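Respectively, the protein sequence lines represent chains G and L.
Each number in the working numbering corresponds to the 1-based position in the first sequence with 115 added.
Each number in the working numbering corresponds to the 1-based position in the second sequence with 3 added.
Backbone N, C-alpha and C fix where the C-beta goes; we use that ideal spot for every residue, glycine too.
None of the values given here were measured: they were computed from a predicted structure.
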Amino acid sequence: MSRPRGVARLVPVVLALALTGCASSAADDTTSSGGASSSSASGEINVFAAASLKESFETIKTDLQKRDPGLTINLQYGASGQLATQIQQGAPADVFASADETSMKTLTDAGIVGASTVFATNRLQIVVPKGNPGKVTKLADLADPKLTVVTCAEAAACGKTQKKIEAKAGITISSDSQEPDVKSVLQKVAMGEADAGLVYVTDVKSQPDKVEGIDFPEAAEFGNQYPIGIVKQAPDPAAAKVFVDYVTGEGQQALQTRGFGKP
Amino acid sequence: MRDAAGTTGRRVPLLLVVPAAAAVLFLLVPLAGLLIKAPWPRFVDKIASPGVGQALGLSLVTATETTLVCLLIGIPLAWVLARTRLPGRRLLRVLVTVPLILPPVVGGVALYSALGRQGVLGRWLYDWWGVSIPFTHLAVVLAQTFVALPFLILSVDGALRSSRGELEEASATLGADRWTTFRRVTLPQIGPAVGAGAVLAWARALGEFGATITFAGSLPGRTETMPVRVYTELIDDYDGTIVLSLLLLAVAVIVLIALRGRWVQGLS
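This is the structure:
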């Protein structure tokens, strides 16, 4: 090491390595101490869940970790199809909870996820900003091009359901934006930037101060089924099973409070 | 200078070569991965599928419009930063770089808070004239401008500050007014920097995603640019995503190479 300048240039690299080293060892510490402190379920699992499950799964996570303090649950949300793609590309998921059966089927067919169980149902509702400035009362109103309407992209689960509903009702929604997931639809209505959108009943319930929901008859007919399954290569299948059992058992309460239907 | 650089080029210390090679690999491997993983048999079908040409066209048009806006407002601001003694100039320079460090999604949210229907300014536009900016073509250009403007300003500002301005003084002494001096002396002098800045801004606008999908949304034919299309494609067609990514990459590279030799010496 007789070249001080070369060494000086390496300093940031060494620092970075040292820092990441610290970070990962710290993470290891938490995991191991967490695992030691509980005699019931323990371990760390990564749960990939549809965006619409966010509020319920946060509650479930808190409740379950209270019951089994040794269990660390990492939750990641997104559009079901996108999560399925990520899992297929090797994302470290242990449990997958989808908002539609199509995305789950992709993974079960590919042999990545074993069996799956439906644990909740949901249906679409028209969402409008509090006070309903666009005076929307029924589904057909969303065909009015004068209103600013946002919906889900056709590739998303909510978008697929919406297409079926449009066909059934014989209308074409005049959408100003086709968002990649249901939460961004909700957000744009909650901000007051859109007059109406189509989201799940559960989404409407998640922002009671900002939005109102309007039921329409076709929605009941095209409800969504939410399946949950364990990724076959999950490093800790026992911990993953604890989570799935909780969601299909005690966790039902949290789901139904948020507006989900029974499986 | 050039000779000196040439000599060191022959005996590069290993300590530099190894990490440099790592950097090259780091850039090349993911791109090569795209090429290797591409579903070539589906390539033509996918590119020809409905909406793709539309999205690419929209991207090219909006990126070009964005660049024009950047030139129009960016060059004057760069001049103000470099050539005046305006108080608060340093702060202004920091402000210019903010979009560079801000996550683009935050840029989109910021645009909402200013120009959305409920925004600080947007509220008046909507209440008085019924004008609503989000979800429009204009919203795409505004979102792209927000993230691309710093590239132009920093490039031009840098060039102006490194040129001393003697020619400008001479021009003034010879009786030219300030506007003539700017147009006839300053602008030609910073030409290459303007070109380089414009190309960087254009490329940044072409790849812009976060601010666009946040503020302009995604509607095929109106606001669905190529990067947004790539993102929605990811929901249910990973292979398709690769094809579209390659298409966008190819178009960007071809345009940059075509421009580089002719107008943009600053980049080569």
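Glu336 of chain G, buried or exposed, once every other Cβ within 10 Å from all chains shown has been counted against 16:
exposed
Is the stretch 177–188 of chain G touching the stretch 302–314 of chain G in the sense that three or more CB pairs, one from each, lie closer than 8 Å?
no
Chain-ordered neighbours of Asp239 of chain L on chain G, where CB pairs are closer than 7 Å:
Gly196 and Ala270
Counterpart residues of Leu313 of chain G in DSSP-defined beta bridges:
G:Ile241
N-terminal and C-terminal residue of the alpha helix (DSSP H) that Val150 of chain L is part of:
His140 to Ser165
Using C-beta distances below 7 Å, list every residue in its chain close to Gln340 of chain G, excluding the 5 sequence neighbours before and after it, in chain order.
Glu216, Val233 and Thr236
Sort G:Val326, G:Val162, G:Lys261 and G:Phe358 by Cα distance to Val242 of chain G and report the nearest one.
G:Val326
Name, please, each residue of chain L whose Cβ falls closer than 7 Å to the Cβ of Thr263 of chain G.
Ser135 and Phe138
Pull up the distance between the alpha-carbon of Ser100 of chain G and that of Lys283 of chain G, whole angstroms please.
Since the displayed chain G opens at 116 and closes at 378, residue 100 of chain G lies outside it and no answer follows.
Give a yes or no on whether the minimum CB-CB distance between Gly136 of chain G and chain L is below 8 Å.
Confidence in Gly136 of chain G is poor, its pLDDT being 39 and thus under 50, which makes the residue's placement unreliable; the coordinate value appears in the next sentence. Not an interface residue.
So Pro195 of chain L is in the alpha helix (DSSP H); what residue range does that whole segment cover?
Gly194 to Gly210
Would you mind sorting Thr287 of chain G into buried or exposed? The rule is 16 or more other CB atoms within 10 Å of its CB.
exposed
Could you please give the first and the last residue of the uninterrupted alpha helix (DSSP H) stretch that includes Gly246 of chain G?
Unbroken run through Gly246 of chain G: none, as it is neither H nor E.
Are the beta-carbon atoms of Val346 of chain G and Ile227 of chain G separated by less than 8 Å?
yes
To the nearest angstrom, how far is it from the Cα of Ala270 of chain G to the Cα of Val15 of chain L?
52 Å
If Pro230 of chain L and Phe218 of chain L are in contact, beta carbons under 8 Å, what's the gap, nearest whole angstrom?
About 14 Å; that fails the 8 Å criterion.
Which complete beta strand (DSSP E) runs does the stretch 31–118 of chain L hold, if anything under 3 residues is left out?
none
Cβ contact check for the stretch 158–172 of chain L and the stretch 191–205 of chain L: 3 or more pairs under 8 Å
yes
Measuring only the C-alpha atoms, how far is Thr276 of chain G from Leu239 of chain G?
8 Å
Compare the C-beta of Arg45 of chain L against all C-beta atoms of chain G and say whether one is closer than 8 Å.
no
Taking the alpha carbon of Gly196 of chain G as the point to measure from, which residue in G:Asn247, G:Val264, G:Asp296 and G:Val265 has its own alpha carbon closest?
G:Asp296
What is the residue span of the alpha helix (DSSP H) that Gln197 of chain G lies within?
Ser195 to Gln203
Where does Ile329 of chain G fall in DSSP's three states?
strand
When you check each C-beta in the stretch 224–255 of chain L against every C-beta of chain G, which residues fall closer than 9 Å?
Arg225, Thr226, Glu227, Val231, Tyr234, Thr235, Glu236, Leu237, Ile238, Asp239, Asp240, Tyr241 and Thr244
Contact with chain G by Ser166 of chain L, beta-carbon distance below 8 Å:
no
If the cut-off is 7 Å on Cβ atoms, which residues from the stretch 106–129 of chain L count as contacting chain G, listed in chain order?
Tyr115, Gly119, Arg120 and Gln121
Excluding the 5 residues flanking Ser289 of chain G on each side, which residues of the same chain have their C-beta closer than 8 Å to its C-beta?
Leu257, Ala258, Asp259, Pro260, Leu262 and Val264
Using only the alpha-carbon positions, how far apart do Ala206 of chain L and Ala66 of chain L sit?
8 Å
To the nearest angstrom, how far is the alpha carbon of Thr372 of chain G from that of Thr252 of chain G?
25 Å
Member of G:Gly376, G:Ala354 and G:Ser218 whose CA lies at the smallest distance from the CA of Gln180 of chain G:
G:Ala354
Meets three-Cβ-pair contact criterion under 8 Å: the stretch 49–56 of chain L and the stretch 245–257 of chain L:
yes
Residues in the same chain with beta-carbon distance under 6 Å from Asp209 of chain G, minus the five sequence neighbours each way, listed in chain order, please.
Ile160, Asn161, Val346, Ala349 and Ala355
Name the residue from L:Pro79, L:Val123 and L:Thr70 whose alpha carbon lies nearest to the alpha carbon of Leu190 of chain L.
L:Pro79
Kindly list, in the order they appear in chain G, the residues whose Cβ is closer than 8 Å to that of Ser221 of chain L.
Ala268, Ser292, Gln293, Glu294 and Pro295
Local conformation of Ile216 of chain L per DSSP, three classes
helix
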